[in-house]
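*Asks:*
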Amino acid sequence: MVRKAGTQFIIAVVICIAGQLCFLSAVKAQGDLVIIPRRVTFEGSKRTQELNVANTGRDTAKYLISVLQYRMLENGNFEAIETPDSGQNFADKNFRFFPRSVVLGPNESQTVKVQVMNTSELKAGEYRSHLYFRAVANPKPAEDKKEVRFAKTMTVHLVPTFGIAIPVIIRVGAAKAAVVLQKPEFETSPEGVPRVRLSFTRSGNASIYGDLQVNYISEQGKSTQVGLARGFAIYTPNPSRVFTLNLNQSTAINYNKGKLQVLYTTSSDKKSVTITESTISLQ
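All residue numbers for the sequence shown refer to our numbering, where the first residue is 6 and numbers rise by one.
1. Where PRO89 and PHE95 are concerned, what is the direct C-alpha to C-alpha distance, given to the nearest angstrom?
2. How long is the line joining the alpha carbons of LYS262 and LEU252, rounded to whole angstroms?
3. Straight-line CA distance for THR53 to LEU265?
4. How would you write the range of the beta strand (DSSP E) that TYR132 sits in, first residue to last?
5. So ILE280 packs on GLY215, CB below 8 angstroms; how close in whole Å?
6. If we ignore side chains and look at the alpha-carbon of each, how far apart do PRO244 and THR65 end up?
7. Run through DSSP, which three-state label would PHE28 get?
8. Skipping 5 residues on each side, what residues in its chain have a beta carbon closer than 6 angstroms to that of THR241?
9. Can you name, in chain order, every residue of its own chain whose Cβ lies under 8 angstroms from the Cβ of ARG105, other than the five neighbours on each side?
10. Among residues of its own chain, excluding the 5 on either side of VAL278, which ones have a beta-carbon nearer than 7 angstroms to its beta-carbon?
11. Around the Cβ of VAL173, are there at least 16 other Cβ atoms within 10 angstroms (buried) or fewer (exposed)?
12. Are the Cβ atoms of GLY209 and ALA182 separated by less than 9 angstroms?
13. Express the C-alpha separation of GLY92 and GLU113 in angstroms, rounding to a whole number.
14. Just how far apart, CA to CA, sit LEU29 and PHE205?
15. Indicate the three-state DSSP secondary structure (helix, strand or coil) for SER245 in the structure shown.
16. Return the bridge partner residues of TYR68 from the DSSP annotation.
17. Name the one or two DSSP bridge partners that GLN74 has.
18. Taking the alpha-carbon positions, what's the GLN289 to ARG133 distance?
19. Does the distance from the CB of ARG43 to the CB of GLY236 come in under 9 angstroms?
20. Excluding five sequence neighbours on each side, which residues of the same chain lie with their C-beta closer than 7 angstroms to the C-beta of GLN115?
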């Protein structure tokens with residue numbers, strides 16, 4: 006009896022959700038896809054938004070574009086859902102986009118247009134869905150199909166498929182949001198890394214996003230930036246979010262005295278505005 010060794014290909018999907026936490030002005034996944042801007046927000050008279058999608062890799066790549074729904078957890082992670090949570094509104098019925106797929110050669114870019122529609126009958130509030138850019142795995146050359154006697158094993162190949170999800174937010178009526186930073190704490194991890202544990206509470210009918218910055222202020226009053234996290238978001242309907250930010254381990258910083266200033270500010274090319282702030286005494 007002759008058997009052929011089986012080969013099974015399994016697709017491992019890796020998703021980066023923009024707005025969860027991004028340290029760059031653009032969004033980039035390991036699949037060499039860059040998208041600018043990292044989120045789309047429609048409010049007031051704004052009706053369209055163009056996304057610049059670029060392939061920074063060395064190979065031609067194809068990306069399929071679809072719409073997904075997510076909830077944000079208190080720790081900032083996301084879960085895919087099919088029905089909205091209480092207080093959450095999906096936006097997928099009120100925007101369209103084209104094209105629905107792009108093929109990009111190395112260092113090529115293309116524009117994807119997003120257009121809001123059918124908003125006249127929407128109730129006041131915020132609506133959110135996510136545009137999902139999924140890389141299509143390149144087919145691999147067929148392997149030699151040699152017959153193997155009495156082969157009882159199966160070879161499994163993991164084919165990573167990378168994707169990026171971009172929030173699309175539609176705001177109808179007045180958008181209001183307030184955030185308070187509740188009693189931040191400084192600690193040292195078991196590995197000896199200095200860090201701050203942060204807890205935020207959000208109120209209002211709008212999501213909020215910006216940049217987190219931690220400054221060390223010496224006893225002499227000198228301020229030194231020791232921590233930064235860009236694109237920190239708290240999405241509706243979440244009332245709270247927790248986050249731990251690792252700090253600079255420079256020996257020039259003495260975390261046994263002085264204080265830490267924690268700032269949460271708007272992300273803007275213009276002058277940033279402080280959303281909330283607090284201090285931690287290191288005495």
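Heads up, the beta-carbon is just placed ideally off N, CA and C, and yes, glycines get one too.
*Replies:* Let me lay it out:
1. The residue you call residue 89 lines up with position 84 of the sequence shown. The residue you call residue 95 lines up with position 90 of the sequence shown. When the Cα atoms are used, PRO89 and PHE95 turn out to be separated by approximately 7 angstroms.
2. Position 257 of the sequence shown holds residue 262. Position 247 of the sequence shown holds residue 252. Counting only the Cα atoms, LEU252 lies some 15 angstroms from LYS262.
3. Taking the first residue of the sequence shown as 1, we reach residue 53 at position 48. Taking the first residue of the sequence shown as 1, we reach residue 265 at position 260. Rounded to the nearest angstrom, the two C-alpha atoms are 41 angstroms apart.
4. Here residue 132 is taken as the residue at index 127 of the sequence shown, counted from 1. Boundaries of the beta strand (DSSP E) around TYR132: 130 to 140.
5. As a first step, residue 280 is located in the sequence shown; it is residue number 275 there, counting from the start. As a first step, residue 215 is located in the sequence shown; it is residue number 210 there, counting from the start. Correct: roughly 6 angstroms between the Cβ atoms.
6. Sequence index remark: in the sequence shown, residue 244 carries index 239 (1-based). Sequence index remark: in the sequence shown, residue 65 carries index 60 (1-based). Taking the straight line joining both Cα atoms gives about 43 angstroms.
7. In the sequence shown, the residue the question calls residue 28 occupies position 23. In this predicted model, PHE28 has a pLDDT of only 37, less than 50, meaning its place in the structure is not dependable enough to derive any value.
8. As a position in the sequence shown, residue 241 is number 236, starting the count at 1. Residues of the same chain with a CB within less than 6 angstroms of the CB of THR241, apart from the 5 flanking positions on each side, are GLU131, SER212 in chain order.
9. Locating residue 105 in the sequence shown gives position 100, where the first residue counts as 1. These residues qualify, in order along the chain: LEU69, ILE70, SER71.
10. Position 273 of the sequence shown, counted from the first residue, corresponds to residue 278. So the list reads THR270, THR271, once near-sequence residues are dropped.
11. Working through the sequence shown from its first residue, we reach residue 173 at position 168. Here VAL173 is buried, its C-beta having at least 16 other C-beta atoms within 10 Å.
12. By one-based count along the sequence shown, residue 209 stands at place 204. By one-based count along the sequence shown, residue 182 stands at place 177. Contact flag set, yes.
13. Residue 113 sits at position 108 when you count from the first residue of the sequence shown. Residue 92 sits at position 87 when you count from the first residue of the sequence shown. Going by the C-alpha atoms only, they are around 40 angstroms apart.
14. Counting from 1 along the sequence shown, the entry for residue 29 is found at position 24. Counting from 1 along the sequence shown, the entry for residue 205 is found at position 200. Residue placement at LEU29 cannot be trusted, given a pLDDT of 39 that sits under 50; what the coordinates show is reported in the next sentence. Those two C-alpha atoms are separated by around 22 angstroms.
15. Indexing the sequence shown from 1 puts residue 245 at position 240. Reduced to three states, the DSSP call for SER245 is strand.
16. As a first step, residue 68 must be located in the sequence shown, where it is residue number 63. Partner(s): VAL107, ALA140.
17. Numbered from 1 along the sequence shown, position 69 holds the residue referred to as residue 74. None, per the DSSP bridge assignment.
18. Since the displayed the chain opens at 6 and closes at 288, residue 289 lies outside it and no answer follows.
19. Against the sequence shown, residue 43 aligns to sequence position 38. Against the sequence shown, residue 236 aligns to sequence position 231. Less than 9 angstroms separates the beta-carbon of ARG43 from that of GLY236.
20. Position 110 of the sequence shown, counted from the first residue, corresponds to residue 115. Once the five neighbours on either side are set aside, the close Cβ partners of GLN115 are VAL58, VAL107, LEU109.
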